[in-house]
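Protein chains in written order, with the UniProt record's numbering: chain G, 1 to 139; chain C, 1 to 139; chain S, 1 to 80; chain U, 1 to 80.
Quick reminder that beta carbons are idealized off the backbone N, C-alpha and C, glycines included.
Accompanying notes for the structure given below.
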């Protein structure tokens, strides 16, 4: 039950995540990679900015991993989140989960990203040609 | 709706899979990495051998990706499968799926690996200290 | 007591600063803090929702706050 | 007709070779092929199950086979 939970201001590295998560005891690894899409609801996105309340974000991500360990027989969980300005195609988040069997890895990985988006104090601002908006702020 | 379906006799490369699957139109990527576990039902595994009926395996994997494109709004699907002798910790299979939204990527990725294990003519032989066995051959 | 309130995301825009200082009675609860902030910054009420965090934990309305607590306004999150 | 039957996985072990040649009437169906093979190689019947593939497609028992077809025995798969 190892975790690696980090918030970076520099580009995330998928390869180092995969190297950390692999182990001889694992049979299945699920990796979720969030990427900055070029459009939101049909509107062209220029870039994103992510801001984190860092100590609380780390604490909330740690809670999520503990919940996942309680719910599924998984071995390692990694969460890397990026902050700052991201261009289209860049990676805001990587979640990686290893388990003896793949079902647990899939279930836990999906739980971690779904819950992260609900509870972890990180905010995304989308920049369009005609303005910018904090996502999810208004109804 | 692009696919990359390949069977290799050499080690699979997670990084090249991720480079291929990423695109500015994607918001979520799910990557499943199968790895050779050091034990099966408590018994130490020394190595595995994978054998494929290659043309039919490619054809069946292609069918699975087409089914996934029909079922979910996903953008690209990659399947790389290894054959030959694999040591503990090595990677027999990588599935990667990109989509605008993560739910489709997760669902399709899981469908691809689950269905691959049911229909694609590839066989695994497990080597233990006291013998070897073709997996799933007998009841 | 004087409380320093951290703000993130759109709350920072609404406050016009990454933190603001408010005056509250010692031991006042989270609900009182929210009411005070909404009076001073009416745009807070236009958010889809927002939470208060005390010492890096989401706080309930009835949680009391003391002067040494780290208090933050958490608008709807959108990480990942 | 003489048919070359490809074998994989444990079927290769049972045949003792990666392919065997069998004699079948032209147009015989898959069920007939299976019966013939099970007579010659009784260990086939001990498999959890096995399929016949004709030209890289899973074949049903009633599918007929012609001399130019590529025919393979597909024991339970275990890839991934």
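- Contact annotation: in the stretch 47 to 61 of chain S, residues whose CB is within less than 7 Å of a CB in chain G are 47, 48, 53, 56.
- At a C-beta separation below 9 Å, residue 17/S has no neighbours in chain G, since its nearest C-beta there lies roughly 14 Å away.
- Between the stretch 97 to 111 of chain C and the stretch 55 to 67 of chain U there are fewer than three C-beta pairs closer than 8 Å, too few to call the two in contact.
- Sequence-ordered contacts of the stretch 101 to 112 of chain G with chain S are nonexistent [C-beta pairs closer than 9 Å].
- Within the stretch 44 to 67 of chain C, contact with chain U at the beta-carbon level (separation under 9 Å) is assigned to 50, 51, 52, 53, 55, 56, 57, 58, 59, 60.
- Counting only runs of 3+ residues, the beta strand (DSSP E) found wholly inside the stretch 82 to 124 of chain C occupies 84 to 87, 93 to 99, in chain order.
- According to DSSP, residue pairing for residue 126/G in a beta bridge involves 48/G, 133/G.
- Straight-line spacing of the CA atoms in residue 7/S and residue 69/C works out to 43 Å.
- When the five nearest sequence neighbours on each side are left out, the beta carbons in the same chain lying within less than 8 Å of the beta carbon of residue 33/S are those of 3, 5, 22, 24, 52, 65, 71, in order along the chain.
- Among the residues of chain G, those whose CB is under 7 Å from the CB of residue 26/C are 35, 37, following chain order.
- Residue 13/U: member of the alpha helix (DSSP H) spanning 9 to 15, first to last residue.
- For residue 35/C, no beta strand (DSSP E) encloses it, and the DSSP letter there is neither H nor E.
- Of the candidates 123/C, 122/C, 116/C, 125/C, the residue whose Cα lies closest to the Cα of residue 61/C is 116/C.
- The secondary-structure analysis by DSSP pairs residue 8/G across a beta bridge with 82/G.
- CA-CA distance, residue 20/U to residue 14/U, rounds to 11 Å.
- For residue 51/S, there is no enclosing alpha helix (DSSP H); the residue is found in the beta strand (DSSP E) stretching over 51 to 54.
- For residue 18/G, the secondary structure class from DSSP, reduced to helix, strand or coil, is helix.
- At a cut-off of 7 Å between beta-carbon atoms, residue 32/G makes contact with chain C.
- Neighbours of residue 15/G across chain C, judged by C-beta separation under 9 Å: 14, 15, 18.
- Within the DSSP secondary-structure output, residue 77/C pairs in a beta bridge with 3/C, 97/C.
- Counting only the Cα atoms, residue 44/S lies some 14 Å from residue 31/S.
- Contact check between the stretch 47 to 56 of chain C and the stretch 109 to 128 of chain C: three or more CB pairs, one atom from each, fall below 8 Å, which counts as touching.
- Here residue 20/C has 4, 76, 78, 96 as same chain residues with Cβ atoms under 8 Å from its own Cβ, once five neighbours each way along the sequence are excluded.
- Residue 59/G: member of the alpha helix (DSSP H) spanning 54 to 71, first to last residue.
- One finds 24 in chain C with Cβ atoms closer than 9 Å to the Cβ of residue 88/G, taken in chain order.
- Here residue 104/G is near residue 74/G, since their CB atoms are less than 7 Å apart.
- Taking the beta carbon of residue 117/C as reference, the chain U residues within 8 Å of it are 77, 78, 79, 80, listed in sequence order.
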